[in-house]
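Worksheet: one structure, shown below.
There are 2 protein chains.
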Amino acid sequence: MKKYLKILRKCALFHQIEDEDLIIMLNCLGAKIDVFDKKYTVMSEGKPAKYIGIVLSGSVQITQTDYYGNRSILSNIEAAEVFAEAFACAETHSIPITVIANEPCEIMFIDCSHILRTCSNHCTFHQQLIFNLMKDLADKTILFHQKLEILSKRSTREKLLTYLMFQAKKFGSDSFDIPFDRQELADYLEVDRSGLSVEIGKLRQEGMLESNRKHFELLWTVK
Amino acid sequence: MKKYLKILRKCALFHQIEDEDLIIMLNCLGAKIDVFDKKYTVMSEGKPAKYIGIVLSGSVQITQTDYYGNRSILSNIEAAEVFAEAFACAETHSIPITVIANEPCEIMFIDCSHILRTCSNHCTFHQQLIFNLMKDLADKTILFHQKLEILSKRSTREKLLTYLMFQAKKFGSDSFDIPFDRQELADYLEVDRSGLSVEIGKLRQEGMLESNRKHFELLWTVK
DNA sequence: ATCCTTTTGTTGAAATTTCAACAGACTTTT
DNA sequence: AAAAGTCTGTTGAAATTTCAACAAAAGGAT
Numbered sequence: 046m047k048k049y050l051k052i053l054r055k056c057a058l059f060h061q062i063e064d065e066d067l068i069i070m071l072n073c074l075g076a077k078i079d080v081f082d083k084k085y086t087v088m089s090e091g092k093p094a095k096y097i098g099i100v101l102s103g104s105v106q107i108t109q110t111d112y113y114g115n116r117s118i119l120s121n122i123e124a125a126e127v128f129a130e131a132f133a134c135a136e137t138h139s140i141p142i143t144v145i146a147n148e149p150c151e152i153m154f155i156d157c158s159h160i161l162r163t164c165s166n167h168c169t170f171h172q173q174l175i176f177n178l179m180k181d182l183a184d185k186t187i188l189f190h191q192k193l194e195i196l197s198k199r200s201t202r203e204k205l206l207t208y209l210m211f212q213a214k215k216f217g218s219d220s221f222d223i224p225f226d227r228q229e230l231a232d233y234l235e236v237d238r239s240g241l242s243v244e245i246g247k248l249r250q251e252g253m254l255e256s257n258r259k260h261f262e263l264l265w266t267v268k
Numbered sequence: 046m047k048k049y050l051k052i053l054r055k056c057a058l059f060h061q062i063e064d065e066d067l068i069i070m071l072n073c074l075g076a077k078i079d080v081f082d083k084k085y086t087v088m089s090e091g092k093p094a095k096y097i098g099i100v101l102s103g104s105v106q107i108t109q110t111d112y113y114g115n116r117s118i119l120s121n122i123e124a125a126e127v128f129a130e131a132f133a134c135a136e137t138h139s140i141p142i143t144v145i146a147n148e149p150c151e152i153m154f155i156d157c158s159h160i161l162r163t164c165s166n167h168c169t170f171h172q173q174l175i176f177n178l179m180k181d182l183a184d185k186t187i188l189f190h191q192k193l194e195i196l197s198k199r200s201t202r203e204k205l206l207t208y209l210m211f212q213a214k215k216f217g218s219d220s221f222d223i224p225f226d227r228q229e230l231a232d233y234l235e236v237d238r239s240g241l242s243v244e245i246g247k248l249r250q251e252g253m254l255e256s257n258r259k260h261f262e263l264l265w266t267v268k
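Chains A and B, in that order, are what the protein sequence lines are.
Heads up, the first sequence is in the working numbering, so the first residue is 46 and it goes up one at a time.
Heads up, the second sequence is in the working numbering, so the first residue is 46 and it goes up one at a time.
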């Protein structure tokens, strides 16, 4: 477990918890670690919403597929980030999402019921953990709110520009890489891939941006 | 404050907190109550994200308006429900939403910093409050997730059907009233009002549903 | 009961998105 | 280094959505 301390310290869930305490707590919570190869399913739709997932290395995609087979990508989760926490905390019976490894991954799973019901040992860090979980959920809500703002735009162009603006804000720079290829970006923005390519081409022609595959550079000033 | 106990007891934020304790806590937290007439602004975009709002009577709409003046409706908040908690808990500097009263309303405001930083009196109920807040945020995330599922549908028809399905599930019945008129429903589903009316007409003709203004009855079996 | 206002449904034209299919560029594998 | 596979950009046609404008229906006020 110790080899993961470096990344776990960066995880918002464990803010303000000392290394030694963290090790004790993870034992107490019965944390388990699994590894997954690229494209493997980390969690699948319909399964019980029991576990919170924490990405220790690699990254995963949160996806949803409807009965016509249309994939939609909800979000991309990087190392040190948490996923599926809302379903586990809300004690939903089953999760409505599928989680796929983007690359070889190590994932930590924690049974959420161990977090929600204070353990018999009365870890003193438990209250801090719940507080951190609350902060994490608030941040997730903000992120979902951003995604709603993107999807609420009516045109492919506006969806794309809104997304790029949020990314620029996130990275604090007008030059950044996105974690999606074209098809994935289309599935994230919920638009047609070819239409998206056309729109990117137009923006390039208009001098609004430069882009090469996953790299983007915004050339219009975000005041 | 006592006259609001009946509704406050129904608020998820105060689960497992006894009446007497609740009164003490609300004082401790410096809760304030304001009243608003129909269509008045309860909170406006850009203002500091300091307060959590609780609807004591009436209902409010969470809206967002872009620079072209397109209104989008994020959600409808009924009595005993909470709003703006995510922005306050995540300590965002300003809120990106505007809250409008649907009808005459009484709203309780609590400065979130009083919740996040345990007060000097060390109320014992404080930990319970934070736990409840976490649960509430998890539930909100689920709701946002549902809205994302609606907006991720590509056609007006599918957005509408997905919304109606969630409503039927929420009310546990195929017959229910929605809290929106046509224009508001269009602003919630992020589609054109006239196109929405056409789609409702088609579904009626196909025998999929019956509807009259805000009342809907689903005639296809959700297995 | 009548007038005034708001809401809903309709329609046709314009704009946009989706779909399917393909070619060229780029990667990865052998 | 060649072959195979994946990703991106293009294109034209079909389907859908948006927009604007108006009429009918419903609700409120006097």
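Note that beta-carbon positions come from the ideal geometry of N, C-alpha and C, so glycine has one too.
Output needed in chain order: residues of the region 226–251 of chain B with a Cβ under 8 angstroms from some Cβ in chain A.
Listed by position, the residues of the region 226–251 of chain B near chain A (Cβ gap below 8 angstroms) are Glu-235.
What separation, rounded to the nearest whole angstrom, lies between the Cα atoms of Ile-78 (chain B) and Glu-151 (chain B)?
Cα to Cα, Ile-78 (chain B) sits roughly 7 angstroms from Glu-151 (chain B).
Hey, quick one: how far does the alpha helix (DSSP H) through Gly-98 (chain A) stretch, first residue to last?
Careful: Gly-98 (chain A) lies outside any alpha helix (DSSP H), inside the beta strand (DSSP E) at 96–102.
First and last residue of the alpha helix (DSSP H) that includes Ala-133 (chain B)?
Residues 130–134.
Short check: CB of Ile-118 (chain B) to CB of Asp-232 (chain B), under 9 angstroms?
Cβ atoms of Ile-118 (chain B) and Asp-232 (chain B): closer than 9 angstroms.
Taking just the CA atoms, how far does Asn-115 (chain A) sit from Lys-268 (chain A)?
Because Lys-268 (chain A) carries a pLDDT of 46, less than 50, the predicted location of this residue cannot be relied on, and no value is offered for it.
Leaving aside the five residues before and after Asp-219 (chain A) along the sequence, list all residues of the same chain whose C-beta is less than 7 angstroms from its C-beta, in chain order.
Contacts found: Ala-213, Glu-262, Leu-263.
On the DSSP bridge assignment, give the partners of Ala-146 (chain B) in chain order.
In DSSP, Ala-146 (chain B) forms a bridge with B:Val-105.
Keeping to the same chain, check which residues put their C-beta closer than 7 angstroms to that of Met-253 (chain B); ignore five residues upstream and five downstream.
Correct list, in chain order: Leu-264, Trp-265.
Which residues in the same chain as Glu-255 (chain A) place their Cβ atom closer than 8 angstroms to its Cβ, once the five residues preceding and following it in sequence are excluded?
Taken in chain order, the residues that qualify are Arg-249, Phe-261, Glu-262, Leu-264.
So what does Asn-177 (chain B) bridge to, in DSSP terms?
None, per the DSSP bridge assignment.
Per DSSP, what kind of secondary structure is Lys-268 (chain A) in: helix, strand or coil?
Residue confidence is low: Lys-268 (chain A) scores 46 on pLDDT, short of 50, so the model does not pin down where it sits. No coordinate-derived value is stated.
If you pair each beta-carbon of the region 132–143 of chain B with each one of the region 81–97 of chain B, do three or more pairs fall below 8 angstroms?
With the cut-off at 8 angstroms, the region 132–143 of chain B and the region 81–97 of chain B touch.
Could you name the residues that DSSP lists as bridge partners for Phe-225 (chain B)?
Per DSSP, none; premise fails for Phe-225 (chain B).
Using a Cβ-Cβ cutoff of less than 6 angstroms, which residues in the same chain neighbour Ala-125 (chain A) once the five nearest sequence positions on both sides are dropped?
Excluding sequence neighbours, Ala-125 (chain A) sits near Ile-52, Lys-55, Cys-56.
Nearest CA to the CA of Phe-81 (chain B): which residue from B:Gly-75, B:Asp-66, B:Leu-101, B:Glu-65?
Closest by alpha carbon: B:Leu-101.
Residues of the region 145–179 of chain A with a CB closer than 7 angstroms to any CB of chain B: list them in chain order, please.
Cβ contacts with chain B come from Gln-172, Ile-175, Phe-176, Leu-178, Met-179.
Whose CA, out of A:Asn-121, A:Phe-211, A:Leu-182, A:Ala-183, lies closest to the CA of Ile-195 (chain A)?
Ranking the options by Cα distance to Ile-195 (chain A), first place goes to A:Phe-211.
With DSSP collapsed to three states, give me the class of Lys-214 (chain A).
It is helical.
Going by Cα to Cα distance, which pick from A:Lys-84, A:Ile-68, A:Gly-103, A:Ser-197 is closest to His-171 (chain A)?
It is A:Ile-68 whose Cα lies nearest to the Cα of His-171 (chain A).
How many whole angstroms separate the CB atoms of Ser-104 (chain B) and Asn-147 (chain B), which I take to be in contact at a CB cut-off of 8 angstroms?
Between Asn-147 (chain B) and Ser-104 (chain B) the Cβ distance is about 5 angstroms, and since that is below 8 angstroms, they are a contact.
Answer with yes or no whether the minimum CB distance from Glu-63 (chain A) to chain B is below 9 angstroms.
It does not; no Cβ of chain B falls within 9 angstroms.
Asn-121 (chain B) by DSSP, collapsed to three states: which one?
Strand at Asn-121 (chain B).
Which two residues bound the contiguous beta strand (DSSP E) that contains Val-80 (chain B)?
77–81 is the span of the beta strand (DSSP E), which, as asked, contains Val-80 (chain B).
Between Val-138 (chain A) and chain B, is any beta-carbon pair separated by less than 9 angstroms?
The sequence given here has His at residue 138 (chain A), not Val. Not an interface residue.
Return helix, strand or coil for Arg-116 (chain B), following the three-state DSSP convention.
Of the three classes helix, strand and coil, the one that applies to Arg-116 (chain B) here is strand, per DSSP.
Can you round the beta-carbon distance between His-138 (chain B) and Ala-76 (chain B) to whole angstroms, since I take them to be within the 8 angstroms contact cut?
About 23 angstroms separates the two Cβ atoms, so there is no contact after all.
Can you give the beta carbon distance from Ile-97 (chain A) to Ala-129 (chain A), rounded, assuming they're within the 8 angstroms contact cut?
At roughly 6 angstroms, the Cβ-Cβ gap stays under 8 angstroms, so Ile-97 (chain A) and Ala-129 (chain A) are in contact.
What are the boundary residues of the beta strand (DSSP E) that includes Ser-256 (chain A)?
Ser-256 (chain A) -> beta strand (DSSP E) spans 254–257.
Report yes if the C-beta distance between Ser-244 (chain B) and Leu-193 (chain B) is below 9 angstroms; otherwise report no.
The residue you asked about is not Ser; residue 244 (chain B) is Glu in the sequence shown. Taking 9 angstroms as the Cβ cut-off, Glu-244 (chain B) and Leu-193 (chain B) do not qualify as a contacting pair.
Determine the burial state of Tyr-49 (chain B): buried for a count of at least 16 other Cβ atoms within 10 Å of its Cβ, exposed for fewer.
So Tyr-49 (chain B) ends up on the buried side.
Counting only Cβ pairs nearer than 9 angstroms, list the residues of chain A close to Phe-211 (chain B).
Correct list: empty, because the minimum Cβ distance to chain A is about 12 angstroms.
Starting from the beta carbon of Lys-192 (chain B), find every residue of chain A whose beta carbon is closer than 8 angstroms, and list them in chain order.
Ordered by position in chain A, the residues that pass the 8 angstroms Cβ test against Lys-192 (chain B) are Leu-193.
Report yes if the CB atom of Leu-178 (chain B) is closer than 9 angstroms to the CB atom of Leu-74 (chain B), and no otherwise.
No, Cβ-Cβ distance for Leu-178 (chain B) and Leu-74 (chain B) is not below 9 angstroms.
Closer than 9 angstroms, CB to CB, is Asn-121 (chain B) near chain A or not?
So, not an interface residue.
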